[in-house]
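Its first residue numbered 1, the sequence shown is counted upward by one per residue in this note's numbering. Virtual Cβ for every residue (Gly too), placed ideally from N, Cα, C. Small disclaimer: the values here were computed from a predicted structure and weren't measured. Only one structure is covered here, and it is reproduced in the block below.
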Amino acid sequence: MQKIRVQLADHESREMLRWQQRSKEHWLANGDGNTNFFHSRASTRKRHNTISRLKDSNGRWQDTEEGIQEILLQHYRSVFASAQPSDASIGEVMTAIPRRVTPEMNAQLRQPFTTTEVKQALFGMFPFKSPGPDGMSPIFFQKFWNIVGTDVNNSVLRILNEHALLYKMNYTHVVLIPKCDTPELVSQLRPISLCNVVVKIAFKCLANLLKSMMDSIVSHSQSAFIPDRLITDNILLAFELNHFLKVSTSTKKGFAALKLDMSKAYDRVEWSFLRQVLLRLGFESEFVELVMLLVTTVSYSLTLNGVPFGYFRPERGLRQGDPLSPYLFIFCAEAFSCLIQQAEVQGTVKGIRVSPTAPCVSHLLFADDTLLFCEATELQVGTIRNILELYARASVQEVNFSKSCMTVSGTVSQEEKRRLAGRLGVRLVVSHDRYLGLPAVAVGQERPYSKISEIVSLHVLMDGIASRSFDRGDVEDDARLLVA
Numbered sequence: 001m002q003k004i005r006v007q008l009a010d011h012e013s014r015e016m017l018r019w020q021q022r023s024k025e026h027w028l029a030n031g032d033g034n035t036n037f038f039h040s041r042a043s044t045r046k047r048h049n050t051i052s053r054l055k056d057s058n059g060r061w062q063d064t065e066e067g068i069q070e071i072l073l074q075h076y077r078s079v080f081a082s083a084q085p086s087d088a089s090i091g092e093v094m095t096a097i098p099r100r101v102t103p104e105m106n107a108q109l110r111q112p113f114t115t116t117e118v119k120q121a122l123f124g125m126f127p128f129k130s131p132g133p134d135g136m137s138p139i140f141f142q143k144f145w146n147i148v149g150t151d152v153n154n155s156v157l158r159i160l161n162e163h164a165l166l167y168k169m170n171y172t173h174v175v176l177i178p179k180c181d182t183p184e185l186v187s188q189l190r191p192i193s194l195c196n197v198v199v200k201i202a203f204k205c206l207a208n209l210l211k212s213m214m215d216s217i218v219s220h221s222q223s224a225f226i227p228d229r230l231i232t233d234n235i236l237l238a239f240e241l242n243h244f245l246k247v248s249t250s251t252k253k254g255f256a257a258l259k260l261d262m263s264k265a266y267d268r269v270e271w272s273f274l275r276q277v278l279l280r281l282g283f284e285s286e287f288v289e290l291v292m293l294l295v296t297t298v299s300y301s302l303t304l305n306g307v308p309f310g311y312f313r314p315e316r317g318l319r320q321g322d323p324l325s326p327y328l329f330i331f332c333a334e335a336f337s338c339l340i341q342q343a344e345v346q347g348t349v350k351g352i353r354v355s356p357t358a359p360c361v362s363h364l365l366f367a368d369d370t371l372l373f374c375e376a377t378e379l380q381v382g383t384i385r386n387i388l389e390l391y392a393r394a395s396v397q398e399v400n401f402s403k404s405c406m407t408v409s410g411t412v413s414q415e416e417k418r419r420l421a422g423r424l425g426v427r428l429v430v431s432h433d434r435y436l437g438l439p440a441v442a443v444g445q446e447r448p449y450s451k452i453s454e455i456v457s458l459h460v461l462m463d464g465i466a467s468r469s470f471d472r473g474d475v476e477d478d479a480r481l482l483v484a
C-alpha cells in the first residue's frame with residue numbers, strides 16, 4: 001500500500017508540473033497542488049493565443065489555415081527584408097559615436113569562454129521557458145546535467161571559442177502572440193523567438209559577459225537592461241520634467257516634450273548598422289564577428305496555433321526572446337543618443353533644467369521608449385527632426401508619427417504649438433498622460449493613489465483571485481502577500 005501511495009503522489013506531482021508549465025504562471029513558486037488552477041490558466045492562454053482569422057492587405061478576412069499562413073509569411077518576409085541603408089548615412093551617424101570600450105574590456109572579451117561560464121548561463125535560465133525547435137526547456141538540461149553536461153559544454157564552447165555555428169542549430173520558431181483579445185491585423189501580433197537551448201546558452205554567455213560593461217558603454221539617458229539602473233529612474237525624471245512643463249510660467253522661452261513611438265524596433269535593426277555601431281564603440285573585430293555570426297545565421301519558421309510552417313532566412317532584425325538581443329538593441333539606440341548629445345554640444349538642442357542647480361535633460365530612453373525635451377523654438381524642433389531623419393536613413397528605424405505626440409508649455413501660443421507639432425508631423429496634446437505604464441503628470445492631490453482606491457482595487461483583485469480556481473487558503477495567502 002505504501003508503494004502505491006508513493007507512485008500515486010509521484011504521478012500527481014508530474015501531472016501538476018505538466019500543467020504548471022503549460023499555464024506559464026511563473027510567479028507562483030510554492031503552494032498547494034492547484035492542478036485545476038493550472039489547467040484553467042492553460043486553457044485560457046490557449047483560447048487567447050489561438051488565431052482563427054486575419055485580414056489580408058486588401059482588408060478581406062481569411063479564415064482558412066492556408067490563407068492565414070500566406071498572410072503571415074508575406075508580412076514577415078517583408079519585415080525582415082533589408083532596406084539596404086546607404087554607407088554615407090551610416091558613416092554620418094558614426095561620427096557622433098565616441099569610443100567607449102576600453103582596452104581592459106577588450107582584453108576580457110578576448111579570454112576564451114570556460115565550462116564554468118556555460119554552466120552558469122544554463123542554470124541562470126528560468127527552467128520552464130517555452131521550448132524551441134529542439135523541444136526542450138532548460139529544466140531538462142539542468143536536471144540531467146551530469147549526463148548531458150559534457151556534450152552541451154563542447155557544443156557551446158565550439159560556438160563561442162571556435163565560431164563554429166551550424167545553421168541548423170540557429171533555426172528558430174517564431175510564435176505570434178496576440179496583443180489584444182481579438183486581433184484582426186498582423187500588426188496586432190507580437191513575434192517571440194524560441195531558440196534551441198544550446199544556442200540560447202551561447203547568447204546567455206555573451207550577455208553575462210557584457211552585463212558588467214554596459215554601465216560604462218551606454219549613456220545614462222538609457223535605463224533599460226543595465227545593472228543598477230531602474231525603470232523608476234526614468235519614471236520619476238519624466239514625471240518631474242512633465243510637471244515642470246505644466247506649471248512653467250517663464251515668458252522668455254517655452255519648452256517642449258516629444259514622446260516617440262518606434263515601429264517594430266527590434267525587427268527593423270539593420271545588421272550592417274549594428275556591425276558599424278559595435279566597431280565604432282570600440283569592440284574588437286573578432287568579438288564583433290562572433291556577435292554577427294550568432295545574429296546573421298538565424299533562420300525562421302512561423303508558428304500558427306502551435307504548428308510550425310514556412311521557412312525563410314531574414315536579412316535584418318533581432319530576435320525578441322534571446323538574452324543578447326536587448327543589449328544589441330541598446331547599442332543601436334546609443335547611436336541616436338549620441339546624435340542628440342552632439343547637437344547639445346553644438347548648441348542646436350537644449351534640454352530642460354527644472355532649477356538652476358539641476359542637470360539639463362534632453363532625452364530619456366528605456367529600450368525603444370523615447371522622450372525628447374527641448375526649447376520650443378523652430379531651430380531646436382527642426383534639429384530634432386533632422387536627427388530623426390538621419391537616424392532613420394542609417395538604421396532604418398521608423399518613427400510611427402501617428403502614435404507619437406508632443407506637449408508644449410502653457411506660455412507658448414496655441415498657434416505656435418500647432419506649428420511646431422506640424423513641423424515634426426506629430427499630434428499636439430495637452431500633456432503626456434502615461435509613461436512606461438504610470439501617470440506622467442499629477443492629476444490632483446492623491447487622486448491616483450487614494451486609500452479608497454487601494455481598498456477597492458484589493459477587493460476586486462481578491463474576487464479575481466478567488467475566481468481563478470484557488471482554494472480559500474490560497475486566496476488568503478495571496479492576499480496577505482499583497483497587503484505586505
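Rounded to whole angstroms, residue 221 and residue 258 show a C-alpha spacing of 15 Å. If you look at residue 228, you'll find it isn't in any alpha helix (DSSP H); DSSP assigns it neither H nor E. C-alpha of residue 419 to C-alpha of residue 70: approximately 43 Å in a straight line.
Nearest to residue 402 by C-alpha distance, out of 415, 425, 265, 383, is 425. As the crow flies, the alpha-carbon of residue 413 is around 14 Å from that of residue 406. For residue 310, the enclosing beta strand (DSSP E) starts and ends at 307–312. When C-alpha distances from residue 260 are compared across 216, 404, 73, the shortest belongs to 404. Taking C-beta separations shorter than 6 Å and ignoring five residues to either side along the sequence, the partners of residue 77 in its chain run 312, following chain order.
Under the three-state reduction of DSSP, residue 406 is assigned to strand. Between residue 319 and residue 233, the alpha-carbon positions lie close to 27 Å from each other. As summarised for the region 335–416, the continuous beta strand (DSSP E) elements at least 3 residues long and confined to that stretch are 363–366, 369–375, 405–408, given in chain order.
In this structure, residue 374 lies near residue 256, with their beta-carbon atoms less than 8 Å apart. The beta carbon of residue 124 sits closer than 8 Å to those of 204, 208, all from its chain and outside the five residues before and after it, given in chain order. Closest by C-alpha distance to residue 304, out of 65, 58, 4, is 65. The shortest CA-to-CA distance from residue 97 to any of 190, 115, 274, 59 is the one to 274.
Setting aside the 5 residues that flank it on each side, residue 352 is surrounded in the same chain by 241, 255, 361, 373, each with a C-beta closer than 6 Å to its C-beta; the list follows chain order.
Scanning 370, 290, 354 for the CA closest to the CA of residue 206 turns up 290. Rounded to whole angstroms, the separation of the alpha carbons of residue 346 and residue 411 is 26 Å.
By DSSP's assignment, residue 61 forms a beta bridge with 55. Here residue 162 is exposed, its C-beta having fewer than 16 other C-beta atoms within 10 Å. For residue 409, same chain residues with a beta-carbon under 6 Å away, outside a window of 5 residues either side, are 245, 248, 254, 255 in chain order. Counting only runs of at least 4 residues, the region 198–225 fully encloses the following alpha helix (DSSP H) elements, listed from N- to C-terminal order: 214–217. Each residue's CA atom was taken as its position, placing residue 355 and residue 237 some 13 Å apart. The C-beta of residue 180 has fewer than 16 other C-beta atoms within 10 Å across all chains shown, which makes the residue exposed.
Nearest neighbour of residue 173 by Cα position, chosen from 145, 214, 211, 130, turns out to be 130. Residue burial annotation: residue 357 is exposed, with fewer than 16 other C-beta atoms found within 10 angstroms of its C-beta. Judged by their CB atoms, residue 329 and residue 396 are not nearer to each other than the 8 Å cut-off. Burial of residue 383 is indicated by the presence of at least 16 other C-beta atoms within 10 angstroms of its C-beta. In the structure shown, residue 83 adopts coil according to DSSP, grouped into three states. Exposure of residue 4 is indicated by the presence of fewer than 16 other C-beta atoms within 10 angstroms of its C-beta.
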